[in-house]
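Please read the structure below before turning to the comments.
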Amino acid sequence: QPQQHPHDEL
Amino acid sequence: MNIFRLLGDLSHLLAIIILLVKIWKTRSCAGISGKSQILFAVVYTSRYLDLINAFISPYNTIMKIVFLAASYGTIYLMYMKFKATYDVNHDTFRIEFLIAPAAVLALIVNHAFEPLEILWTFSIYLESVAILPQLFLVSKTGEAESITSHYLFMLGSYRALYIFNWIYRYYAENHYDLIAIVAGIVQTVLYCDFFYLYITKVLKGKKLQLPA
Numbered sequence: 011q012p013q014q015h016p017h018d019e020l
Numbered sequence: 002m003n004i005f006r007l008l009g010d011l012s013h014l015l016a017i018i019i020l021l022v023k024i025w026k027t028r029s030c031a032g033i034s035g036k037s038q039i040l041f042a043v044v045y046t047s048r049y050l051d052l053i054n055a056f057i058s059p060y061n062t063i064m065k066i067v068f069l070a071a072s073y074g075t076i077y078l079m080y081m082k083f084k085a086t087y088d089v090n091h092d093t094f095r096i097e098f099l100i101a102p103a104a105v106l107a108l109i110v111n112h113a114f115e116p117l118e119i120l121w122t123f124s125i126y127l128e129s130v131a132i133l134p135q136l137f138l139v140s141k142t143g144e145a146e147s148i149t150s151h152y153l154f155m156l157g158s159y160r161a162l163y164i165f166n167w168i169y170r171y172y173a174e175n176h177y178d179l180i181a182i183v184a185g186i187v188q189t190v191l192y193c194d195f196f197y198l199y200i201t202k203v204l205k206g207k208k209l210q211l212p213a
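Just so you know, the protein sequences line up as chains G and C, in that order. Residue numbering for the first sequence follows our numbering, starting at 11 and increasing by one per position. Residue numbering for the second sequence follows our numbering, starting at 2 and increasing by one per position.
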């Protein structure tokens with residue numbers, strides 16, 4: 011199941 | 002990092018540079034919404050507070066600092082250095098009508114009820130609508146200079162490319178962020194009408210002029 015990703019984008 | 006995200010970041014960077022260079026070279030910020038620029042500064046400030054407590058990569062840190070600096074630089078040029086050229090009479094969008102709902106929504110729909118997380122969420126919601134004062138200004142004056150159109154096109158492309166990035170990450174990295182995705186889609190949709198005019202007019206060498 012895909013996980014919520016950390017805020018690693020701009 | 003994938004190609005969509007890199008291209009997205011680069012068009013975002015290019016948009017910001019186009020705007021700064023345009024204002025600097027023409028010594029004028031006519032046709033640019035200071036309200037949108039204030040909203041973008043609020044967006045970057047509330048989102049990049051994590052510069053203090055989270056390190057992701059040198060790329061990430063440098064880009065965040067560049068976006069913050071460019072954003073405040075643009076505001077300085079518009080409200081101080083070239084204030085006389087600022088289109089204040091047409092730039093009448095009430096930004097509190099965007100800031101307040103974004104803040105309320107961030108308090109209600111978020112990943113975690115923590116200060117930095119709520120500020121991050123607020124910045125995502127606010128960014129999705131931050132261009133509205135600029136689009137409102139263009140619709141009020143009925144036209145936009147080509148260079149302003151290029152700026153808007155690059156800014157819209159950035160979020161559209163991020164959508165491809167999120168699709169890629171969903172399948173390739175098993176990661177997603179529903180808040181960013183939904184807000185990103187809203188943000189991209191707001192540019193659609195403009196994209197159409199850009200492709201049918203500006204790319205054919207005509208000025209972006211709205212039908213009367």
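We treat Cβ as the ideally placed atom computed from N, Cα and C, and that holds for glycine.
Within this structure, are the beta carbons of Leu40 (chain C) and Thr75 (chain C) separated by less than 8 Å? Taking the first residue of the second sequence as position 1, residue 40 (chain C) is located at position 39. Taking the first residue of the second sequence as position 1, residue 75 (chain C) is located at position 74. Thr75 (chain C) is positioned such that its CB atom lies no closer than 8 Å to that of Leu40 (chain C).
Among C:Ile148, C:Ile63, C:Glu97 and C:Leu106, whose alpha-carbon lies nearest the alpha-carbon of Trp121 (chain C)? Position 120 of the second sequence holds residue 121 (chain C). When only C-alpha atoms are compared, the closest one is C:Leu106.
Rounded distance between the beta-carbons of Ala104 (chain C) and Ser72 (chain C), thought under 8 Å: To locate residue 72 (chain C), count along the second sequence from 1; it is residue 71. To locate residue 104 (chain C), count along the second sequence from 1; it is residue 103. The pair is not a contact, with the Cβ atoms about 19 Å apart (cut-off 8 Å).
Just to confirm before moving on: does the CB-CB distance between Met155 (chain C) and Leu15 (chain C) stay below 8 Å? Here residue 155 (chain C) refers to the residue found at position 154 of the second sequence. Here residue 15 (chain C) refers to the residue found at position 14 of the second sequence. Their beta carbons are under 8 Å apart, which means Met155 (chain C) touches Leu15 (chain C) by this criterion.
Backbone CA spacing between Gly157 (chain C) and Glu144 (chain C) [nearest angstrom]: The residue given as residue 157 (chain C) occupies position 156 in the second sequence. The residue given as residue 144 (chain C) occupies position 143 in the second sequence. Rounded to the nearest angstrom, the gap between the Cα atoms of Gly157 (chain C) and Glu144 (chain C) is 18 Å.
Say whether chain G places a C-beta atom closer than 8 Å to the C-beta of Phe114 (chain C). Within the second sequence, the letter at position 113 stands for residue 114 (chain C). It does not: the Cβ of Phe114 (chain C) has no partner Cβ on chain G nearer than 8 Å.
Taking only beta-carbon positions, decide if Trp25 (chain C) is within less than 8 Å of chain G. Taking the second sequence and counting its residues from 1, the one referred to as residue 25 (chain C) is at position 24. So, not an interface residue.
So, at 6 Å on beta carbons, what are the nonlocal neighbours of Leu138 (chain C) in its own chain, with the 5 sequence-adjacent residues on each side left out? Locating residue 138 (chain C) in the second sequence gives position 137, where the first residue counts as 1. Ser34, His91 and Asp92.
Unbroken alpha helix (DSSP H) run spanning Phe137 (chain C), endpoints: Taking the first residue of the second sequence as 1, we reach residue 137 (chain C) at position 136. Taken as a continuous stretch (DSSP letters only), the alpha helix (DSSP H) holding Phe137 (chain C) covers Leu133 to Thr142.
Hey, does Arg6 (chain C) have any beta-carbon neighbour from chain G nearer than 8 Å? Taking the first residue of the second sequence as 1, we reach residue 6 (chain C) at position 5. Chain G contact via Cβ: present.
Determine whether the beta carbon atoms of Val44 (chain C) and Glu128 (chain C) lie at a separation below 8 Å. Against the second sequence, residue 44 (chain C) aligns to sequence position 43. Against the second sequence, residue 128 (chain C) aligns to sequence position 127. Contact: yes.
Pull up the CB-CB distance for Asn3 (chain C) and Tyr169 (chain C), whole angstroms please, since I reckon it's below 8 Å. The residue given as residue 3 (chain C) occupies position 2 in the second sequence. The residue given as residue 169 (chain C) occupies position 168 in the second sequence. Indeed, because the Cβ distance is near 5 Å, the residues count as touching under 8 Å.
Determine, for Asn61 (chain C), whether the minimum Cβ-Cβ distance to residues of chain G falls below 8 Å. Numbered from its first residue, the second sequence carries residue 61 (chain C) at position 60. Using beta-carbon distances, Asn61 (chain C) counts as an interface residue toward chain G, with a partner under 8 Å.
To which residues of the same chain is Trp167 (chain C) closer than 6 Å at the C-beta, ignoring the five residues directly before and after it? For the purposes of this step, residue 167 (chain C) is taken as the residue at position 166 of the second sequence. Residues of the same chain with a CB within less than 6 Å of the CB of Trp167 (chain C), apart from the 5 flanking positions on each side, are Ile182 in chain order.
Between the C-alpha atoms of Asp10 (chain C) and Pro212 (chain C), what's the straight-line distance to the nearest angstrom? As a position in the second sequence, residue 10 (chain C) is number 9, starting the count at 1. As a position in the second sequence, residue 212 (chain C) is number 211, starting the count at 1. If I take the Cα positions, the gap works out to 33 Å.
For Tyr177 (chain C), the three-state DSSP class (helix, strand or coil): In the second sequence, counting from the first residue as 1, residue 177 (chain C) sits at position 176. It is a strand residue.
By Cβ distance, which residues of its chain are closer than 6 Å to His151 (chain C), with the 5 residues on each side in sequence left out? If you number the second sequence from 1, residue 151 (chain C) lands on position 150. The answer, listed in chain order, is Ile19.
For Phe114 (chain C), which residues from the same chain have a beta carbon less than 6 Å from its beta carbon, with the 5 sequence-adjacent residues on both sides left out? Here residue 114 (chain C) corresponds to residue number 113 of the second sequence, with the count starting at 1. Nothing listed; no residue qualifies.
8 Å Cβ cutoff, Phe123 (chain C) in contact with chain G: The residue given as residue 123 (chain C) occupies position 122 in the second sequence. Cβ-Cβ to chain G under 8 Å: no for Phe123 (chain C).
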